[in-house]
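Beneath this line is the structure, given in structure tokens, with notes to follow.
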Amino acid sequence: MSFLRSEIFSRRNLIAFSLLLAIVFTDVPVSAQLIPISDVTGGSSVFILRNSGEGGQRKFVTRTRPKATKSDRLASVKRMAGQYTTLAKEKPRRERTESVDPKNLPPETKLKEMPRQEASKLFAGVGEYYMDRNDYNNAIDFFREAVDLDSTNSRATKGLSEALALKGNELLVKESFPVAKTFFEEALKYNDKNAPAYFGLAEVLTELGKETEAIQYYEKALANDKELSEIYTPLGVLYYQNGEIAKADQALTKAVAASPDNPQALLFLGLVRFSQVNYPEALNLLQKAASLDTSNASAQYYLGETLSKLNRPQEAVNAYLKATSLKADYFEAWFGLGSAYYILGKYKESADAFTKAARLRNSNPEAFANLADAYLQIPDYNQAEANYNLAAMFTMRQENPKKDEAAELYSKAAFAVAKQCELNLAQRMPCRWDAAVSYLEKAAELGDVSIDVANLGWAYYNAARADLAAGRTDVAKPKLEKAKLYLQKAAATNTKYLSGTLLNLGMALTDLGEYAAAVDALSRAVKTEPNWAFALNELGIAYRKQGKYKEAADQFRKAISKDKKFAAAYYNLGEAEFKAGNISEARKAWEALKKMGRNDLAAQLDVATNGGLRGS
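Here it is in structure tokens:
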């Protein structure tokens, strides 16, 4: 009877392994990132997990900053026009001609006989009459007649300029941007200090996507009328979009101070605070924005993002759900929802959300990678493998592919294949170690040589173990040789994960019959991790294969001292002590198995020793 390897993942006790849980090997440091994988014989080898952190989740980063919606911009136009007309009535922005009711105009024949300058004043007065009633069409007509009669009438020219600008703003609200532009440009011909005209041109330029030019016109508008605080909102938004966070902060702070119930100003000042990593203040601003504009999906999404940063995932879920209900094709919101559910341990819901995100952007590698992570936790290892493979493929198709990320994804796909194997064993189905080998060959070609080469050796070792269990010794031998080659190469360059690499190398060497080399590799693994019960057990097996029963027994005893419930080590100790002639010590190990309730192993040990442990 050959010695037993670890039963941590025996066929009787298959469990779903979570990447977020502590590694289950006895006394293996979590920082080592070593994941035990059971094989067809009930033993375990070690997979080196490439990446640590939040379950491997990769957070999507928005490529462009959010913009104000067209409806938000039109609301700004209305607010600015309303503010300007109110201010102009309280404190005129120009010298005005006395208002004249058009009904009081003299007959046309008398007007023609009147001196041009006098007639110009009368027509300008009628223009003022219509301005007071926000009838800009008639105001424009009368001011224009006044200017035609007397181009030196500055009150008429500035009145015409104001009327043209305010008419342009009316057209902006109706989304007639090209026509509005002509009104603003003409307004500036008559008054180059016309703030509403500069504001209007800035709005037109924003609509055309010329944000940098738009900023200049917003700034000119404010320079000519500092009381127009409504301009601070669209200007602050453009500063934010341009990445000028300090300027955005100043403008939007003034906007909120002037209009504390302006949802757009609150939203973008919240985004400024978010970019400044001031999440508590961002939360306060975004909550106000969302409550004032309940139809704004962006406010709900960024509220969810902020809550996530504040480690309040359940509240974040609620915000993301509102965002997706308002905008069904909101990729970022579905992505954020998947991440929040993942943190909450709701992996089925996380997978559903990431599935929707992946459908919306069906070549986004992060969406597929995180979907795979969720499937790994459910666990659904087949779906995990498929989505890791897709994520890696889409990563490599990017303009500047991140090869190390693709390597990590291929590595995880191989890990998912190994986890499928554990389930397949229970159903007497074959394992797909060839697929794991293929994934890890790609990973080794793209990524961190030491880690990926070590895992490639691990995959070949497991493929060989499956062949040995099936009696295919001739097929297994070349795979063991490849496992040895890759593991030796990794051990020569890998210091961070050396213990896991040496363990796998020692096991491969044992199966190749190279016992002295196996003892050397396993001794180095134990020296690196002296409290690792599993490695001590493997070292004992290598000594046993050399016929060095005393040394073997010493290692099995050390393994037991590290893990009092290590049944395989008790079995191996009993057999080694029996071979060494220490019947009493062998009997103690046999009795310990029975006390542990492991009558199955006790019976196997009894058979291995031909009943020599029962006593008289």
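Each residue of the sequence shown is one higher than the last, beginning at 4 in our numbering. The beta-carbon is built from N, C-alpha and C at its ideal position, and this holds for glycine as well.
Selection from the options that minimises the alpha carbon distance to residue i
i	options	result
SER298	ASN287, TYR282 and LYS330	LYS330
ASP625	LEU363, ASN365 and GLU352	A question about residue 625 goes unanswered here, because the residues of the chain that appear run from 4 up to 619.
ASN367	MET599, MET396 and TYR133	MET396
ALA322	GLU308, ASN314, SER79 and ASP603	GLU308
ASN314	GLU335, TYR344 and GLY474	TYR344
ALA166	GLU189, LYS73 and LEU231	GLU189
ARG82	LYS553, ALA268 and ASN458	ALA268
ALA417	LYS406, ASN403, ALA446 and LEU426	ALA446
LYS553	ALA457, LEU576 and PHE537	LEU576
VAL129	GLN120, GLY85 and LYS106	LYS106
ARG601	LEU616, PRO237, MET134 and ALA571	ALA571
TRP436	ALA429, GLN430 and CYS424	CYS424
PRO481	LEU363, ALA493, ALA466 and GLY584	ALA466
GLY615	GLY584, MET599 and LEU604	GLY584
SER79	SER123, LEU238 and ARG119	LEU238
LYS485	ASN458, LEU295 and GLN430	ASN458
ALA254	MET134, ILE234, LEU270 and ASP264	ILE234
ALA361	ILE346, PRO382, ALA495 and LEU393	LEU393
ALA494	PHE145, ALA524 and GLY474	ALA524
PRO533	SER502, MET599, SER262 and ILE346	SER502
SER328	GLY203, ASN281, SER301 and ILE346	SER301
Delimiting residues of the alpha helix (DSSP H) encompassing residue i
i	result
CYS434	Neither: CYS434 is in no alpha helix (DSSP H) and is coded neither H nor E.
PRO2	A question about residue 2 goes unanswered here, because the residues of the chain that appear run from 4 up to 619.
ILE248	248-261
ALA592	586-598
MET117	Unbroken run through MET117: none, as it is neither H nor E.
GLN401	Looking at the DSSP string, GLN401 is not in any alpha helix (DSSP H), and its letter there is neither H nor E.
LEU563	Note on identity: in this sequence residue 563 is Ile, with Leu being the wrong assignment. Here the alpha helix (DSSP H) through ILE563 covers 552-565.
LYS213	First-last for LYS213: undefined, no H or E at that position.
ASN427	406-429
ARG276	266-278
THR185	180-193
TRP461	452-472
GLY509	501-515
PRO283	282-295
ARG547	536-548
GLU578	570-582
ALA354	350-363
SER301	300-312
ILE381	Where ILE381 is concerned, there is no enclosing alpha helix (DSSP H), given that its DSSP letter is neither H nor E.
Span separating the alpha-carbon of residue i from that of residue j
i	j	result
PRO266	ALA292	4 Å
LYS177	LYS312	40 Å
ASP355	GLY341	8 Å
LYS161	ALA226	18 Å
VAL478	ALA519	24 Å
VAL207	TYR243	19 Å
PHE28	PRO39	For PHE28, the pLDDT reaches just 36, beneath the cut-off of 50, and the residue's location in the model is therefore unreliable, although a value from the coordinates is still provided. In a straight line, the C-alpha of PHE28 is about 7 Å away from that of PRO39.
GLU247	SER74	24 Å
LYS561	LYS567	10 Å
TYR573	ALA555	12 Å
VAL621	TYR391	Residue numbering for the chain in the displayed model covers 4 to 619; residue 621 lies beyond these limits and cannot be assessed.
PRO199	GLY171	9 Å
THR612	ALA462	34 Å
LEU231	TYR220	14 Å
ASN197	SER278	35 Å
ARG14	LEU272	With a pLDDT of only 22 at ARG14, under 50, the local geometry of the prediction cannot be trusted, and the value read off the model is given with reservation. Cα to Cα, ARG14 sits roughly 57 Å from LEU272.
ILE26	LEU37	Residue confidence for ILE26 is low, a pLDDT of 31 falling below 50, so the modelled location carries little weight; the figure read from the coordinates is stated next. Approximately 7 Å between the Cα atoms of the pair.
LYS492	TYR546	24 Å
GLY509	PHE371	36 Å
ARG364	TRP337	11 Å
ALA224	ASP151	27 Å
ARG158	GLU121	13 Å
PHE186	LEU77	17 Å
Beta bridge counterpart(s) of residue i as assigned by DSSP
i	result
PRO39	VAL49
Cβ separation of residue i and residue j, assumed to be a contact under 8 Å, to the nearest whole Å
i	j	result
TYR442	TYR413	5 Å
LYS548	THR513	6 Å
SER164	ASN140	Wrong, their Cβ atoms sit about 15 Å apart, outside the cutoff.
ALA3	LEU471	Nothing about residue 3 can be read from this structure; the chain reaches only from 4 to 619.
GLY543	PHE569	Going by Cβ atoms, the distance from GLY543 to PHE569 rounds to 11 Å, so no, they are not a contact pair.
GLN303	LYS325	4 Å
LEU449	VAL49	In fact, because the Cβ distance is near 22 Å, the residues do not count as touching under 8 Å.
GLU148	PHE126	5 Å
PHE357	LEU379	Contact doesn't hold; Cβ gap of about 12 Å is too wide.
ASP104	TYR133	Not really, about 10 Å apart at Cβ, beyond 8 Å.
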